[in-house]
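Structure first, commentary second.
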Amino acid sequence: MCWCRSCWRRRARYLPGTTGPSPASCDAPAWRDPPAPERLPGGGPGGRTLPWFDGRVDGRVDEKLLVERVTEAVRRVAAREILPRWRQLASHEVRQKTGPHDLVTVADREAERHLTAELTELLPGSVVVGEEAVHEDPTLYAALGREAPVWIVDPVDGTRPFVRGEAGFCTLVALAHRGELLGSWTHAPATGRLAHAWRGAGAWLDGERLTAGSPDPGAPLRVAHSHPDYTSPAQKRALAALWTDGVAPRPCGAAGLEYLAIARGELDALAFTWELAWDHAAGLLLVEEAGGAQATRDGKPFRLAGANAMPFTAARDQPTADRLVALFRAGHGAGRAEPEEPAVG
1 MCWCRSCWRR RARYLPGTTG PSPASCDAPA WRDPPAPERL PGGGPGGRTL
51 PWFDGRVDGR VDEKLLVERV TEAVRRVAAR EILPRWRQLA SHEVRQKTGP
101 HDLVTVADRE AERHLTAELT ELLPGSVVVG EEAVHEDPTL YAALGREAPV
151 WIVDPVDGTR PFVRGEAGFC TLVALAHRGE LLGSWTHAPA TGRLAHAWRG
201 AGAWLDGERL TAGSPDPGAP LRVAHSHPDY TSPAQKRALA ALWTDGVAPR
251 PCGAAGLEYL AIARGELDAL AFTWELAWDH AAGLLLVEEA GGAQATRDGK
301 PFRLAGANAM PFTAARDQPT ADRLVALFRA GHGAGRAEPE EPAVG
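If you're matching positions, the sequence shown starts at 1 in the UniProt record's numbering and goes up one per residue.
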């Protein structure tokens with residue numbers, strides 16, 4: 001499917017509640033000159049269209065409005081499908097997927113179903129890669145490498161804490177096109193907080209700009225690493241180098257909340273050994289737009305479609321990311337004689 005400006009115009013629909021030129025008038029001269037830029041929620045610069053519009057505003061899908069509508073959808077679905085089930089789950093509403101550490105609940109399934117419907121309505125022609133749908137049909141994951149814009153959804157990141165009645169869970173949504181992250185939403189339903197980011201427009205938490213900053217000089221680096229339940233022997237060897245002077249490692253909680261902690265300057269870096277896009281997409285853009293950095297063990301950017309050199313890191317600044325990569329390489333080299341197991345999700 002072609003996503004050039006002309007082909008998009010023939011398929012696009014206006015966002016609900018908006019108006020604009022009819023398809024017949026799209027090429028009118030008045031629509032060739034972009035209007036003055038608007039501002040994204042929270043004060044960030046915006047008003048550009050999405051990349052498949054060749055950088056022009058033509059009255060179709062406006063970044064500002066899209067951010068607002070996705071924010072509303074994420075909050076609405078969490079309020080309807082997730083919060084009412086928190087601490088209220090019956091035993092038959094929880095089941096294992098691949099094992100005792102990989103759970104799914106009725107809240108996961110219903111939240112993803114509603115988000116899928118709402119997000120694809122907001123952006124006609126887009127597709128969804130959601131954790132629960134991919135579990136049922138793994139071929140859906142290939143959409144990350146195709147042409148259509150793709151929403152990446154983890155309806156309940158931190159399902160185990162959610163099942164235990166703890167607050168350490170969140171809803172993650174990201175928008176990507178051709179492998180590039182464009183938008184990010186991280187919502188913590190238990191606290192009501194919501195962070196969003198848009199490429200080039202900064203990261204925001206409830207209307208306040210997020211700045212990751214840099215670690216305190218001389219203080220140990222606070223690093224959250226993959227939980228042992230999700231770490232293979234080869235990955236453990238690569239992470240072993242974190243146990244060194246100047247680093248204070250700890251097991252991670254829900255990935256989305258750890259990324260948010262980095263964007264807020266409450267955590268210095270993370271070291272993850274799995275690459276499922278729904279766990280990382282929203283957080284990677286949030287950290288980047290807060291001024292942070294990310295890299296895989298080979299020093300390359302994280303690829304949404306996979307085949308990354310594990311472990312990878314997101315950090316408050318580039319020097320911290322570089323230090324983590326150096327530690328990964330040292331730990332990985334120590335186990336070079338044995339073949340590396342595939343990443344565990």
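The C-beta atom is built at its ideal place from N, Cα and C for all residues, glycine as well.
Short Cβ contact (8 Å threshold) for residue i with residue j
{"i": "residue 252", "j": "residue 270", "result": "yes"}
{"i": "residue 262", "j": "residue 209", "result": "no"}
{"i": "residue 260", "j": "residue 286", "result": "yes"}
{"i": "residue 186", "j": "residue 226", "result": "no"}
{"i": "residue 219", "j": "residue 156", "result": "no"}
{"i": "residue 328", "j": "residue 297", "result": "yes"}
{"i": "residue 132", "j": "residue 104", "result": "yes"}
{"i": "residue 149", "j": "residue 123", "result": "yes"}
{"i": "residue 265", "j": "residue 333", "result": "no"}
{"i": "residue 153", "j": "residue 168", "result": "no"}
{"i": "residue 241", "j": "residue 331", "result": "yes"}
{"i": "residue 292", "j": "residue 314", "result": "yes"}
{"i": "residue 267", "j": "residue 224", "result": "yes"}
{"i": "residue 125", "j": "residue 254", "result": "no"}
{"i": "residue 184", "j": "residue 78", "result": "no"}
Separation of residue j from residue i, as counted between CA atoms
{"i": "residue 178", "j": "residue 312", "result": "21 Å"}
{"i": "residue 69", "j": "residue 63", "result": "10 Å"}
{"i": "residue 8", "j": "residue 324", "result": "At residue 8, the pLDDT of 37 sits below 50, so the modelled position is not reliable and the matter cannot be decided from this model."}
{"i": "residue 195", "j": "residue 258", "result": "13 Å"}
{"i": "residue 202", "j": "residue 182", "result": "11 Å"}
{"i": "residue 321", "j": "residue 230", "result": "22 Å"}
{"i": "residue 119", "j": "residue 173", "result": "10 Å"}
{"i": "residue 88", "j": "residue 142", "result": "35 Å"}
{"i": "residue 128", "j": "residue 151", "result": "5 Å"}
{"i": "residue 93", "j": "residue 215", "result": "42 Å"}
{"i": "residue 284", "j": "residue 115", "result": "21 Å"}
{"i": "residue 318", "j": "residue 294", "result": "8 Å"}
{"i": "residue 206", "j": "residue 193", "result": "6 Å"}
{"i": "residue 300", "j": "residue 100", "result": "33 Å"}
{"i": "residue 80", "j": "residue 235", "result": "38 Å"}
{"i": "residue 430", "j": "residue 249", "result": "What is shown of the chain runs 1 to 345, which leaves residue 430 out entirely."}
{"i": "residue 163", "j": "residue 256", "result": "17 Å"}
{"i": "residue 107", "j": "residue 170", "result": "12 Å"}
{"i": "residue 95", "j": "residue 289", "result": "36 Å"}
{"i": "residue 190", "j": "residue 85", "result": "11 Å"}
{"i": "residue 307", "j": "residue 138", "result": "16 Å"}
{"i": "residue 109", "j": "residue 165", "result": "18 Å"}
{"i": "residue 113", "j": "residue 204", "result": "26 Å"}
{"i": "residue 305", "j": "residue 280", "result": "12 Å"}
{"i": "residue 82", "j": "residue 97", "result": "19 Å"}
{"i": "residue 245", "j": "residue 237", "result": "17 Å"}
{"i": "residue 200", "j": "residue 71", "result": "18 Å"}
{"i": "residue 161", "j": "residue 217", "result": "33 Å"}
{"i": "residue 309", "j": "residue 247", "result": "22 Å"}
{"i": "residue 74", "j": "residue 239", "result": "34 Å"}
{"i": "residue 243", "j": "residue 232", "result": "17 Å"}
{"i": "residue 91", "j": "residue 102", "result": "15 Å"}
{"i": "residue 188", "j": "residue 147", "result": "31 Å"}
Residue(s) in a DSSP beta bridge with residue i
{"i": "residue 94", "result": "105"}
{"i": "residue 87", "result": "DSSP, once it has assigned bridges, lists no residue as partnering residue 87."}
{"i": "residue 152", "result": "129, 174"}
{"i": "residue 99", "result": "102"}
{"i": "residue 272", "result": "312"}
{"i": "residue 223", "result": "249, 269"}
N-terminal and C-terminal residue of the alpha helix (DSSP H) that residue i is part of
{"i": "residue 76", "result": "63-77"}
{"i": "residue 265", "result": "Residue 265 -> no alpha helix (DSSP H), and no H or E assigned at all."}
{"i": "residue 239", "result": "233-239"}
{"i": "residue 124", "result": "Counting along the chain, residue 124 falls outside any alpha helix (DSSP H), and DSSP gives it neither H nor E."}
{"i": "residue 161", "result": "159-164"}
Residue span of the beta strand (DSSP E) that contains residue i, given as start and end
{"i": "residue 249", "result": "247-251"}
With a floor of 3 residues, list each beta strand (DSSP E) that falls wholly inside the region 169-220, ordered by position along the chain. If only complete runs of 3 or more residues are kept, the region 169-220 shows the beta strand (DSSP E) at 170-177, 180-188, 193-198, 202-205, in order along the chain.
Every unbroken beta strand (DSSP E) inside the region 277-320 [3 residues or more]: 293-296, 312-315
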